[in-house]
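**Q** Dropping the structure in here first, questions after.
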Amino acid sequence: MDVAARPGAAAGRGPCAGIPAEQMDFIRQVLDRVGDKWSLLVIAALEAGPLRYTDLQRDVPGISQRMLTLTVRQLQQDGLVTRTAYAEVPPRVEYALTSLGRSLHHIVTSLITWVADHHGQIREHRAQAATRP
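Dropping the structure here:
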């Protein structure tokens, strides 16, 4: 039987055809998590290696302290980022990508690069759409 026609699949064709319907809710949750604007930028910033909180905040322009805290906590929950606290005075905390997070980095970087390369065209299309009745 063709995978696209498999009973219980989320869709009859396309990228979701091979995914069981009962897994789709979780897959959407993970895509929402890793696809939000802050997670993508945090993952990209951490590729160079472990960063302290303040360095990470500086490397992700526009992120608030609250959003950075929430984002790294969620990325930790999904096993994409580690948080290491060192018993020093003053205390030092570093964040780093896990091997799972590093496996996602190439995709994240490609997406960010694509947006940077095409932002002018996208802006033009948005401007044109805004002037249409």
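With full-length UniProt numbering applied, the sequence shown covers 1 to 133. In this text, a Cβ means the ideal position worked out from N, Cα and C, and glycines have one as well. What you are looking at is a predicted structure, and each value in this text was computed from that prediction instead of being measured.
Where in the stretch 28-65 do unbroken runs of the alpha helix (DSSP H), each at least 4 residues long, occur, reported from the N-terminal end onward?
**A** Segments of the alpha helix (DSSP H) lying fully in the stretch 28-65: 37-46, 53-59.
**Q** Thinking C-alpha only, which one of V60, Q128, G120 is nearest L46?
**A** Minimum Cα distance to L46 is reached at V60.
**Q** Would you mind sorting I107 into buried or exposed? The rule is 16 or more other CB atoms within 10 Å of its CB.
**A** Exposed, since its Cβ has fewer than 16 Cβ neighbours within 10 Å.
**Q** Thinking C-beta only, is L97 closer than 8 Å to V81?
**A** Cβ atoms of V81 and L97: closer than 8 Å.
**Q** Along the chain, where does the alpha helix (DSSP H) that runs through E88 open and close?
**A** Where E88 is concerned, there is no enclosing alpha helix (DSSP H), given that its DSSP letter is neither H nor E.
**Q** Buried or exposed: I122, going by 16 or more other Cβ atoms within 10 Å of its Cβ?
**A** Flag for I122 reads exposed.
**Q** Would the stretch 36-56 count as touching the stretch 86-100 if we require 3 or more Cβ pairs under 8 Å?
**A** The stretch 36-56 vs the stretch 86-100: in contact.
**Q** Applying the 10 Å Cβ sphere with the 16-neighbour rule, what's the burial state of I43?
**A** It counts as buried.
**Q** How big is the Cα-Cα spacing for Q23 and L56?
**A** Their backbone Cα atoms lie some 33 Å apart in a straight line.
**Q** Is the Cβ-Cβ distance between R33 and Q74 less than 8 Å?
**A** Yes. Within cutoff.
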